[in-house]
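Trainee:
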Amino acid sequence: MSKKVLVTGEGAICASGKDPAEIWDAARAGRSAIAPIQQWDSASWPSKLAGEIADFNPRTLVEDRKLHKLVRRTDLLGLYAAAKAIEGAGLVAYRDALDPTGTDLFNDRTAVYVGSGGNKYQDQYDFFPLLTDAAGDLGAFGRELTGTVNPMWLLRVLPNNVLCHIGIRYNFKGPNGCVTNHGVSGTLAIIETAAALRAGEADQAVAVGHDAPVEPENILHYHALGLLAADTIRPFDAGHSGSILGEGAGALILETESAAHARGAKVLGEFLGSGCVTEAEGLLSVRGDGDGLARAIAQALDDAGIGTAEVGMVVAHGNGTPISDASEASALRRIFGTTPPPVTSFKWAFGHLLAASGIIDTVLALNSLRHRLVPGIATLRDLAPACKHLAASAMPQPPRSDVALVLSRGFAGTDAALLLRASASAGDN
Amino acid sequence: MIGGRRRVAITGLGVVTPLGNTIATTWEALLAGRTGVAPITSFDASGFPVRIAAEVKKFDPRTAIEDRKLLKFANRYHTFALAAAEEAIRDAGIRPESHTAPRWGCAVGSGMMGVEFAKLVEVHQRFAENGSLSSERLGAAGVTAADPVAFCRSQANAGLSLLLRHFGIRGYATSVNTACASGGQALGTAMKLVRRGTADFVLAGGFDSMVNPVGLSAFCLLGALSPDNDTPQRASRPFDRTRNGFVLGEGAGFLVLEEWNAARRRGARIYAELAGDGNSLSSYRITDSHPSGDGPIQAIRQSLASAGARPDEVDYLNAHGTSTPMNDQSECVAVRAVFGRHADRIAVSSTKSLMGHLVSGAGAVEAAICALAIHHGIVPPNANLRELDPDCDLEFVRDQPLLRRVGVAMSNSFGFGGSNNCIVFQNPEDVRT
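These protein sequence lines are chains A and B, in that order.
No gaps in the numbering here: position 339 of the first sequence is 338 in numbering that gives the first Met the number 0, and each next residue is one more.
No gaps in the numbering here: position 291 of the second sequence is 290 in numbering that gives the first Met the number 0, and each next residue is one more.
(1) Could you tell me which residues DSSP puts in a beta bridge with I422 of chain B?
(2) If I follow the unbroken beta strand (DSSP E) through T7 of chain A, where does it start and stop?
(3) Output the distance between the C-alpha atoms of Y4 of chain A and F270 of chain A, rounded to the nearest integer angstrom.
(4) Please give the ranges of any beta strand (DSSP E) in the segment 92-156 of chain A, keeping only runs that are unbroken, at least 3 residues long and fully inside the region.
(5) According to the neighbour-count rule (16 or more other Cβ atoms, all chains shown, within 10 Å of its Cβ), is T16 of chain B buried or exposed?
(6) Could you spell out where the alpha helix (DSSP H) holding I359 of chain A opens and where it closes?
(7) With a CB to CB cut of under 7 Å and the five nearest residues on each side skipped, what residues in its chain are close to A198 of chain B?
(8) List the residues of chain B whose Cβ lies closer than 8 Å to the Cβ of N175 of chain A, in chain order.
(9) Apart from the five residues on each side of it in sequence, which residues of its chain come closer than 7 Å, Cβ to Cβ, to F116 of chain B?
(10) Checking the sheet assignment: what are the DSSP bridge partners for E249 of chain B?
(11) Leaving out five residues on either side along the sequence, give the residues of the same chain with a beta carbon under 7 Å from the beta carbon of G292 of chain B.
(12) Could you name the residues of chain A that R164 of chain B contacts, counting a contact when the two beta carbons are closer than 7 Å?
(13) Assign D74 of chain A to one of three DSSP states: helix, strand, or coil.
(14) Identify the continuous alpha helix (DSSP H) that holds L353 of chain B and give its terminal residues.
(15) Could you tell me whether any Cβ in chain B is nearer than 8 Å to the Cβ of C275 of chain A?
(16) Taking 8 Å as the threshold (C-beta atoms), are G46 of chain B and L137 of chain A in contact?
(17) Cα separation between P295 of chain B and G362 of chain B?
(18) Tell me, which residues are paired with Q37 of chain A by DSSP?
(19) Please check if any C-beta of chain A sits within less than 8 Å of the C-beta of I1 of chain B.
(20) Could you tell me which chain B residues have their CB closer than 7 Å to the CB of Y120 of chain A, listed as they occur along the chain?
(21) Would you say E272 of chain A faces chain B, with C-beta separation under 8 Å as the test?
(22) Which residues of chain A have a Cβ atom closer than 9 Å to the Cβ of E195 of chain B, listed in chain order?
(23) What's the call for S27 of chain A, buried or exposed, on a 16-neighbour Cβ count within 10 Å?
(24) Do S302 of chain B and T179 of chain A have their C-beta atoms closer together than 8 Å?
(25) So with CB distances below 8 Å, who are the chain A contacts of S160 of chain B?
(26) Decide if Q450 of chain A is buried, meaning its Cβ has at least 16 other Cβ atoms within 10 Å, or exposed.
(27) Any Cβ of chain A within less than 8 Å of the Cβ of N228 of chain B?
(28) Looking at C-beta atoms only, is the number of pairs between the segment 361-378 of chain A and the segment 323-336 of chain A that lie closer than 8 Å three or more?
(29) Quick one, which residues of the segment 33-60 of chain A are near chain B if we go by CB-CB under 8 Å, in chain order?
(30) Tell me, to the nearest whole angstrom, how far the beta carbon of L316 of chain B is from that of V364 of chain B; I am working on the premise that it is less than 8 Å.
(31) Per DSSP, C105 of chain B forms a beta bridge with which residues?
(32) Tell me the DSSP bridge mates of C9 of chain B?
(33) Out of curiosity, what's the CA-to-CA distance linking A223 of chain A and W44 of chain A?
(34) Under a three-way DSSP split, which group does Q203 of chain A fall into?
(35) Roughly how many angstroms lie between the CA atoms of S322 of chain B and G409 of chain A, to the nearest whole one?
(36) To test your reading of the DSSP string, which unbroken alpha helix (DSSP H) runs of 4 or more residues are found completely within the segment 176-237 of chain A?
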């Protein structure tokens, strides 16, 4: 019998705010943080909207100033969300009160799994001055390398930087991983974390997802592929025309039931089950029938050992591209038939956070269950014909139980589903 | 070993390495002690402080992969992955079919450098010739500046996507990156997918190439590479007292993993059981483990526990053995701490001595080597070990391969960022089900 996995901490940051409550409140109030891009002059750009963190300041995100030059923007976001979750859950305070043997054991039994956006176009730009100096001569490029490029360049752009620096900062040394699988990276980090806890490889764990995809070349490519909306994300709406990218991070603390009880942790919820599959049709392909998503949901229900009637709400992927929305609606219809639970999506509020989206959506799902309120999709006016049967609304709805289904999709036709139950007692806090 | 768990059979192997573009040629070169290290030929490295690497040679992906359209979306290391995976699948004699595809998973350790150098140069010439990107001009160029094929190739999960599509894999799929531990972690992840019942078959491996101007620069800047440009064949000398850095390699390794009983039922050739996986974080420095071996010690112990194996059952260790001063020493300290006196009876070799360091591909290629060592009863040598470092107090297989039945083999992979992975392999003759 595998162990019960509980959620005991959460952290999040995105354009809508710097903690889960602030982000959830903004969504409930129907406030979108999508705005014209500020990181560069985007006035003449064909796509100029994103969910950027308006007052981005490394100093307010990560205390250790030495780190600011050692990591990237996306890493600072991940480290911030992780720190909030770790500190909020009281992990460090508990660990530090243990005797030396207990402390070592706690560190060795604390896992860290990260979903990372991987390499960025901008990472390479540190080589532009050298390319200018070399003027097309690779020999000169090699000769002038030292002294022109930051000697720590590689360490700054490692895809696993958040994993590394959570380890160094908190001295956690347990099982770990770093998933770079586009839109499902964060969700897979949760899935691997839960698997490690269920199998008894660790007692407690940090799961983080982070991404900062709002950079010029990336926006241009997404635009050229027709993936971006011109005005706003309208998930499942007849006027949906694409997605909008955002930056941010989410983090969860997950523990075995016995570890959480041993340290008297406040329980926010329970991980019930998960599923992940792929459609195998190519990097950008999405099957119209929702095959992958339906199979991922079915797997998650099976893993959790619950039926569709027990699902109280769905946080859909809802990225606002017509093909993804329609196929997602098709998958939900196949699973839930004519009695669908309330469906929402949060990307309209702060954009698609890619590698971070699955974790921030999970954090917001638990917040919704705790408030017994499923925030509406504020940009939704009329459901698209293919999405008519969804119980989605611009207005808030009550969840029909304390269980949420969270869906994530990514490039490579990968679909993932999580099922979580909110803790009854957590709502009183 | 403990009973009750779902066991994982290794039934197919494939590699593209600096030593050869197949399992047979790579294994033959390893046993013969032929080096894959030479002056760099794929670009003009004459100005770089380091001008040697272990490059894949005479490789034509079209001999393994007929789908030309697929190859258009592949960068250099993706083509290594496709060719190695195709060899592994053919070797296993089983492919995903419509009714089995949802039970096939794919777990890969992918190289981190998505943007190809030629593309970087093109963007520099068009929009950054004075040294910084003009976002204004990029925006004005609009869609004419976008290259969808290059975009697809640059994605962190592009290699995974190509593999899924080529083989029609429809189950759990993940692409991981913990730098040099990526390949080992991908194998461990794959093993656990079978063990926990998420998949019955997994195509698992790793692939990388940082042998390009930016990749070579990155390691030159860190001073991590051996500067022995005049003696490339001797440059990678793990555990030698005079070692002075690693040699950058490139390539891919893939394994087909299957649930043990099903593999037996279909009469598959089983190279070895993938029996255990251990992971830890060093949480010390970005590039080093603690000199005490803290970090790697926990990974090795976990992998033994995961395999249900006793330390004294281990016969062969394929060391991480990069040939950098700190890594080799702390790895040896860790091995000694875990195995005590039994360490004297473990044959140890770092095959990086001949093929260089394949970064995200290393752990997967070295897993294939462990499976071959068990299958053939031959331990490949650790080349270039002339003056043993007294701080590297283990029993290395020097110069010649060692004929020895291998009951339990183990492979270490330690990455920048502090992730340590250790995976354990068991001789199929010793598996009691």
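Each residue gets a CB set at the ideal place from its N, CA and C atoms; glycine is no exception.
Mentor: Judging by the given coordinates:
(1) B:D276 and B:S410.
(2) It spans V4 to C13 - the beta strand (DSSP E) in which T7 of chain A sits, taken as one unbroken run.
(3) Per the sequence presented here, residue 4 of chain A reads as Val, with Tyr not at that position. Those two C-alpha atoms are separated by around 5 Å.
(4) Contiguous beta strand (DSSP E) elements confined to the segment 92-156 of chain A occur at 109-115, taking only those with 3 or more residues.
(5) The C-beta of T16 of chain B has 16 or more other C-beta atoms within 10 Å across all chains shown, which makes the residue buried.
(6) Counting along the chain, I359 of chain A sits inside the alpha helix (DSSP H) bounded by residues S356 to H370.
(7) Apart from sequence neighbours up to five positions away, the residues of its chain that approach A198 of chain B with a beta-carbon distance below 7 Å are R102, W103, G104, G170, Y171 and L192, ordered along the chain.
(8) Listed along the chain, the chain B residues whose CB falls inside 8 Å of the CB of N175 of chain A are T177, N278, S279, L280 and S418.
(9) Excluding residues up to 5 positions away in sequence, N211, P212 and V213 lie with their Cβ nearer than 7 Å to the Cβ of F116 of chain B in the same chain.
(10) Per DSSP, B:S208.
(11) The answer, listed in chain order, is S329, V332, A333 and A336.
(12) A279, E280 and G281, listed in chain order.
(13) In this structure, D74 of chain A counts as helix in the three-state DSSP scheme.
(14) Taken as a continuous stretch (DSSP letters only), the alpha helix (DSSP H) holding L353 of chain B covers K351 to M354.
(15) Output row for C275 of chain A: interface = yes.
(16) Contact annotation: L137 of chain A and G46 of chain B have beta-carbon atoms nearer than 8 Å.
(17) Near 15 Å, if we compare the C-alpha coordinates of G362 of chain B and P295 of chain B.
(18) Within the DSSP secondary-structure output, Q37 of chain A pairs in no beta bridge.
(19) At I1 of chain B the pLDDT is 48, less than 50, meaning the model places this residue with poor confidence; the figure from the coordinates comes in the next sentence. It does not: the Cβ of I1 of chain B has no partner Cβ on chain A nearer than 8 Å.
(20) Neighbours of Y120 of chain A on chain B, chain order: V114.
(21) It should be pointed out that residue 272 of chain A corresponds to Gly in this sequence rather than to Glu. It does not; no Cβ of chain B falls within 8 Å.
(22) Correcting the residue type first, residue 195 of chain B is Arg in the shown sequence and not Glu. Going along chain A in sequence order, the residues near R195 of chain B (Cβ under 9 Å) are S1, A194, R197 and A198.
(23) Sequence check: residue 27 of chain A is Arg here, not Ser. So R27 of chain A ends up on the buried side.
(24) With contacts defined as CB atoms closer than 8 Å, S302 of chain B and T179 of chain A fail to qualify as a contacting pair.
(25) G281, L282, F410, A411 and G412, listed in chain order.
(26) As displayed, chain A neither begins before 0 nor continues past 428, which places residue 450 of chain A out of reach and without an answer.
(27) By this cut-off, N228 of chain B is not an interface position.
(28) Not touching, per the Cβ criterion.
(29) If the cut-off is 8 Å between Cβ atoms, the segment 33-60 of chain A has W39, D40, S41, S43, W44 and P45 near chain B.
(30) With 8 Å as the limit, L316 of chain B and V364 of chain B do not qualify as a contact, their Cβ atoms being about 16 Å apart.
(31) Checking the DSSP bridge columns, you'll see C105 of chain B partnered with B:A172 and B:L202.
(32) First, the residue type needs correcting, since residue 9 of chain B is Ile and not Cys in the sequence shown. BP columns for I9 of chain B point to B:L256 and B:A271.
(33) Distance between the alpha carbons of A223 of chain A and W44 of chain A is about 12 Å.
(34) Of the three classes helix, strand and coil, the one that applies to Q203 of chain A here is strand, per DSSP.
(35) Answer to the nearest angstrom: the Cα atoms are 38 Å apart.
(36) Whole alpha helix (DSSP H) segments, 4+ residues: 184-197 and 215-223.
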